[in-house]
Amino acid sequence: MAQGNPRWIVPAPLAAVDAEMADGTAIRLRRHGNPAGPRIVLSHANGLAADAYYPFWSLLTDRFDVVVYDFRNHGWNAVGALEAHAIPTFVDDMTRVARAIGLRFGKKPAIGVFHSLSGQTAAIEACSGARSFAALVLFDPFICPRGCHQGHKDRLRKTMGRMVDGARRRRDSFESEFAFAERLRSTPAFGRLRPGVHDLLARTTLRPANGGSEYILRCPREYEARIAEQGYRYAEFVDAGMLPCPVKVVGSDPVAPHSFLPTVAMNEILALNYDFVPETTHFLQLEEPEQCVGAMLEFIGEEGERVLAG
């Protein structure tokens, strides 16, 4: 697939509005798909952006009202204070985002579809008593609920430590988007991505700087590292027995190379509906989007009817 193949060019949203957070930070909400359909709200992993998941959510726009948003200091949003870049802030932001979506796009039940960091955030937010979503589908979330085996907790702690080190060492400027995409193509952890997705990641996670002479990370590396540092501590904040809505956890293949999050532990938690997609890594939605959509629809129904009924 050639660089910039139209298949992975994210279309302009039907509508885009700002939601104001508690500290005045603006988070941009974008609406795609079928406004008359059941609603899906989608976000991303640490350091990424919701538009990078277009290979996944583009498969849903024919029937679903798809609202995507980036966490603060990611994607379409401006970079703000590092001190406010924290998981508790993200949890509060999610509640406010869900409320703003209802106010700006019309109130109706929503299914939250989240990956990695946003999956952890959604699980914590649900356990806090918020009822922002009628159901949750969490892809490889950073969670280790009560009941996880200690060995899995230890693996997750070590994994998060490696992620902190990796974020701190990450190169933060590039001469072009293409140079960044080429770097991803040569990195084994991104070796299973669909053709063209490396270029999509470059377009959605970099922004031009210095008059366009270079490109920098939309989420600066110190911000990414700060969240990776907090990840393990908050992974245990999830009590599966307190989740107020149906939850599906879709993990990566626990034995695949570069499947670095041990979500195989989820099968120990009876309160969670757990499955995994074979031969995928942590970036499963960008590797096997059709299988990921299939796993989601098997849980929620072809049009969300299994979790939105009544």
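Residues in the sequence shown are numbered consecutively from 7, following this note's numbering.
Built from N, CA and C at the ideal position, the CB exists for glycine as well.
Keep in mind that this is a model prediction, so the values were computed, not measured.
query, result
"Residues bridged to K164 (per DSSP)", "According to DSSP, which records beta bridges pairwise, K164 is partnered with nothing at all."
"Three-state secondary structure assigned by DSSP to F196", "helix"
"At least 3 beta-carbon pairs within less than 8 angstroms: the region 158-173 vs the region 225-237", "yes"
"C-alpha distance - L54 paired with Q291, whole-angstrom precision", "13 angstroms"
"Residue environment, D281, which counts as buried when at least 16 other CB atoms sit within 10 Å", "exposed"
"CB-CB length for L223 against L207, believed under 8 angstroms", "Wrong, their Cβ atoms sit about 11 angstroms apart, outside the cutoff."
"Beta strand (DSSP E) runs wholly inside the region 192-255, at least 3 long, in chain order", "212-215 and 220-223"
"Complete beta strand (DSSP E) runs within the region 35-120 (minimum length 3 residues, chain order)", "45-48 and 71-75"
"Within 8 angstroms, strictly: CB atoms of A132 and P250", "yes"
"Alpha carbon of P19 to alpha carbon of G135, nearest angstrom", "31 angstroms"
"C-alpha gap between A51 and E183, whole angstroms", "20 angstroms"
"I278 (DSSP reduced to helix, strand or coil)", "Ile is not the amino acid found at residue 278; the sequence shown has Leu there. Note: L278 maps to coil in three-state DSSP."
"Distance cut-off 7 angstroms: T211 Cβ against heavy atoms of the ligand FMN", "Among the ligands in the structure shown, none appear at all, so the ligand FMN cannot be discussed."
"Contact between the region 37-44 and the region 59-76 (3+ Cβ pairs under 8 angstroms)", "yes"
"For A25, three-class secondary structure by DSSP", "strand"
"Assigned secondary structure, V270 (DSSP; H/G/I helix, E/B strand, else coil)", "Residue confidence for V270 is low, a pLDDT of 42 falling below 50, so the modelled location carries little weight; the figure read from the coordinates is stated next. DSSP places V270 in helix when its eight states are reduced to three."
"Three-pair Cβ contact test at 8 angstroms for the region 253-263 versus the region 138-145", "yes"
"Cα-Cα separation between T127 and M166, rounded to whole angstroms", "16 angstroms"
"Separation of T286 from G81, as counted between CA atoms", "24 angstroms"
"Local conformation of I130 per DSSP, three classes", "helix"
"Residue range of the unbroken beta strand (DSSP E) whose run includes V143", "A141 to F145"
"Strand pairing of A32, partner residues [DSSP]", "E26"
"Inter-residue spacing [alpha-carbon to alpha-carbon] between V203 and N79", "22 angstroms"
"Reference D29, options K114, T95, Y238 and W14, closest by Cα", "T95"
"DSSP-derived helix/strand/coil call for G125", "helix"
"Whole-angstrom distance between V16 and F305, CA atom to CA atom", "26 angstroms"
"Cross-strand partners of F180 (DSSP beta bridge)", "Y221"
"Reduced DSSP secondary structure (H/G/I, E/B, other) of G257", "strand"
"Cut-off 8 angstroms between Cβ atoms - residues of its own chain near V270, not counting five sequence neighbours on either side", "With a pLDDT of 42 at V270, under the threshold of 50, the predicted position of this residue should be treated as unreliable, though the coordinate-derived value follows. Closer than 8 angstroms at the Cβ level, and outside the excluded window around V270, lie H158, G257, P260 and F282."
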